[in-house]
Amino acid sequence: LARGEAWRLPPLGIVWQRTGAKPWLRLALSFEPVGDLSAGAAALIAPPRLLEVATDRKTLSVCDDLCFCAAPRPAESSGAAAPWAASTVQYASSCRAARPEGSECGKPAVAQRSPTNRASGTANQFFAYTPSRGAARCTVSASHLGLVLVVYRSCGRLGPQQPVGFGNTERRRTLRVSVPCESGQPLIIYWSAEYAPGSFSFAVSEEPGSSAQKVLKTVVPRTHAIESRAPRPSGSALWR
Numbered sequence: 367l368a369r370g371e372a373w374r375l376p377p378l379g380i381v382w383q384r385t386g387a388k389p390w391l392r393l394a395l396s397f398e399p400v401g402d403l404s405a406g407a408a409a410l411i412a413p414p415r416l417l418e419v420a421t422d423r424k425t426l427s428v429c430d431d432l433c434f435c436a437a438p439r440p441a442e443s444s445g446a447a448a449p450w451a452a453s454t455v456q457y458a459s460s461c462r463a464a465r466p467e468g469s470e471c472g473k474p475a476v477a478q479r480s481p482t483n484r485a486s487g488t489a490n491q492f493f494a495y496t497p498s499r500g501a502a503r504c505t506v507s508a509s510h511l512g513l514v515l516v517v518y519r520s521c522g523r524l525g526p527q528q529p530v531g532f533g534n535t536e537r538r539r540t541l542r543v544s545v546p547c548e549s550g551q552p553l554i555i556y557w558s559a560e561y562a563p564g565s566f567s568f569a570v571s572e573e574p575g576s577s578a579q580k581v582l583k584t585v586v587p588r589t590h591a592i593e594s595r596a597p598r599p600s601g602s603a604l605w606r
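Take the sequence shown: its position 130, counted from the start at 1, is 496 in our numbering, and no numbers get skipped.
Written out as structure tokens, the structure is:
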């Protein structure tokens, strides 16, 4: 194994025939070296594992990477313990359901356009915010010491992707991060609990784009009309 080189296993496809209503499909996995390996590389080989795949309809239709979890014991008693019994991994919708909301970017809590969103401040948390129609800029703000915030564009298989905003309150109490946003395209709001700030509230707000700004006309009863127009872009600036 060359320095800096990562091991990457190929995807594992599983195909089986339904023969009865067995709730689990069990696979014993073992890993063996191919070719001559150094002592250091050989030590990285994973121990044998038992993989249990739930065969219920929900698991087979909607599961993703969050459906993996360690099983404290085999799902069904099978007599004498196998050498891999202590390393059983399950793939089931129940594993996903057991993960706390907000603990992964693939299972975020929901943030609202409101000043009363709340984060625990004792665990890392992910929130998803979906901008409303006409939104062009979204702002996350809070006033609390010890905060660390990252805003991401999306969530992928390996976690949050494309960071677009960052802020913290290490030197001042108020935090305000404003990023471009688009209607219907969720943003991932990540609060790190690195400094254990404790429970706090945060706000999410929006600003419309230039195309959404319309001529405002306010009629003052029995007096006169006031008309306000959005400013036009000038110079060589690029407007979208």
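Yeah, the Cβ is synthetic: ideal placement off N, Cα and C, and Gly gets one too. It should be emphasised that the depicted structure is a prediction, and the values quoted were computed from it without experimental measurement.
Contacts around residue i, its chain only, beta-carbon distance under 7 Å, and the 5 residues preceding and following it disregarded
i    : result
T540 : S509
F397 : I411 and A412
E371 : Low per-residue confidence applies at E371: pLDDT is 49, beneath 50, and the placement is therefore not dependable, though the value from the model is reported in the following sentence. Excluding sequence neighbours, E371 sits near nothing in its chain.
Q528 : Y518, R519 and S520
G525 : C471
W382 : L391
F568 : N483, A485, V506, S507 and A508
Residues bridged to residue i (per DSSP)
i    : result
Q456 : E418 and C435
W557 : Q491 and L515
F568 : N483 and A508
P563 : Bridge partners of P563: none, in fact.
L527 : Looking at the sequence provided, one finds Gln at residue 527 rather than Leu. DSSP lists S520 as partners of Q527.
Cβ-based neighbour list, residue i, same chain, cut-off 6 Å, excluding 5 preceding and 5 following
i    : result
T505 : S544 and S571
L395 : R415 and L417
F532 : V516
Y457 : V419, C433 and F434
W450 : Confidence at W450 is low in this model, with a pLDDT of 48, below 50, so its placement is unreliable and the value that follows should be read with caution. P414, R415 and L416, listed in sequence order.
V514 : N534, S558 and E560
L393 : L417
P552 : A494 and T496
8 Å CB neighbourhood of residue i in its chain, flanking five on each side removed
i    : result
A475 : E467, G468, Q491, F492, F493 and A494
D431 : G472 and R523
R503 : S544, V545, P546, C547, E572, E573 and G575
S565 : R484, A485, S486, G487 and T488
D422 : P389, A458 and S459
K424 : S459
C461 : L432, C433, F434 and C435
A437 : E418, T454, V455 and Q456
A562 : G487, T488 and G512
S498 : R479, S549 and E572
V428 : S459
As assigned by DSSP and simplified to three states, the class of residue i
i    : result
A494 : strand
R392 : strand
G522 : strand
L410 : coil
R503 : strand
R542 : strand
S427 : helix
R462 : helix
A477 : coil
L405 : First, the amino acid is wrong: residue 405 is Ala here, not Leu. Of the three classes helix, strand and coil, the one that applies to A405 here is helix, per DSSP.
E470 : strand
G533 : strand
P399 : coil
P574 : strand
Given 8 Å, three or more beta-carbon pairs between the region 477–491 and the region 550–558: Cβ pair count under 8 Å is three or more, so yes.
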